[in-house]
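Colleague:
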């Protein structure tokens, strides 16, 4: 996502919105501000979970992710990245064990700085551009129209629940339940 009130509730901030939902569900709080991130901890089942929102802007997310991973010595297989996906309709989510960045600059930066694309991710559908000539930056930095809000809320809730399932029961369980 991108920091700042001007980016709240934009398509590119779908990952931040899921992080907020997860923290609400698990009783956590974003109370730390360092390493170019806002982050905090919550409890998912028996697991202590660190939830972070990079403050580096989307295209430089890898700087914050790698800094927090290195500081806390978090292995790659314990990372779950949540991002927007323009190839999915609003309301849909897709869970992936690994794979390419698919043109998403935030994922590209994370994978380049971590040296791997073997990172779990939850993709939140934000819908396709209205036409091929529409500016991509304008699309992802745009806010959701009112008619998409119910579907968006479903995706945000499912995204937070999917993360809980990945942590508690594993990615295969979560993929079977939510990636339809």
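Numbering (this note's numbering), first residue to last: 72 to 251.
Just so you know, even glycine gets a beta-carbon here, dropped at the ideal spot from N, CA and C.
None of these values were measured; they are calculated from a predicted model.
Would you call the region 178 to 188 in contact with the region 204 to 222, where contact means no fewer than 3 C-beta pairs closer than 8 Å?
Modeller: As far as the Cβ criterion goes, the region 178 to 188 does not touch the region 204 to 222, which means the pair count is below three.
Colleague: Using CA atoms only, rank isn't needed, just tell me which of 197, 123, 101 is closest to residue 210.
Modeller: Answer by Cα proximity: 197.
Colleague: Could you tell me how far apart the beta carbons of residue 191 and residue 242 are, in whole angstroms, since I believe they sit closer than 8 Å?
Modeller: The pair is a contact, with the Cβ atoms about 6 Å apart (cut-off 8 Å).
Colleague: Note down, in chain order, each residue of its chain lying with its Cβ closer than 7 Å to the Cβ of residue 246, except the 5 sequence neighbours on either side.
Modeller: Excluding sequence neighbours, residue 246 sits near 166.
Colleague: Would you say residue 107 and residue 135 are within 8 Å of each other, going by their C-beta atoms?
Modeller: Contact flag set, yes.
Colleague: Could you spell out the range, first to last residue, of the beta strand (DSSP E) harbouring residue 82?
Modeller: Segment: none, residue 82 is in no beta strand (DSSP E) and carries neither H nor E.
Colleague: Cβ of residue 105 within 8 Å of Cβ of residue 154?
Modeller: No, the pair does not count as a contact, with Cβ atoms beyond the cut-off.
Colleague: Which term fits residue 116, buried or exposed, when burial requires 16 or more other beta carbons within 10 angstroms of its beta carbon?
Modeller: Burial call: exposed.
Colleague: In the DSSP output, what is residue 104 paired with across the bridge?
Modeller: Beta-bridge pairing links residue 104 to 109.
Colleague: Kindly indicate the opening and closing residues of the alpha helix (DSSP H) around residue 248.
Modeller: First-last of the alpha helix (DSSP H) with residue 248: 242 to 249.
Colleague: Would you kindly work out how many angstroms separate the C-alpha atoms of residue 233 and residue 121, rounded to a whole number?
Modeller: Distance between the alpha carbons of residue 233 and residue 121: 16 Å.
Colleague: Does the distance from the CB of residue 176 to the CB of residue 129 come in under 8 Å?
Modeller: Result yes, Cβ atoms of residue 176 and residue 129 sit closer than 8 Å.
Colleague: Let's see if you can read the secondary structure: which residues bound the beta strand (DSSP E) around residue 161?
Modeller: Careful: residue 161 lies outside any beta strand (DSSP E) and carries neither H nor E.
Colleague: Could you tell me the boundaries of the alpha helix (DSSP H) in which residue 179 lies?
Modeller: Here the alpha helix (DSSP H) through residue 179 covers 176 to 185.
Colleague: Rank 182, 77, 228 by C-alpha distance to the C-alpha of residue 162 and give the top, closest one.
Modeller: Considering only alpha carbons, the answer is 228.
Colleague: In its own chain, which residues sit with a C-beta less than 7 Å from the C-beta of residue 127, not counting the 5 before and 5 after it?
Modeller: Within the same chain, residue 127 has close Cβ partners 107, 134, 135.
Colleague: When we look at the beta-carbon of residue 181 and count the other beta-carbons within 10 Å, is it buried (16 or more) or exposed?
Modeller: The residue is buried, with at least 16 neighbouring Cβ atoms inside 10 Å.
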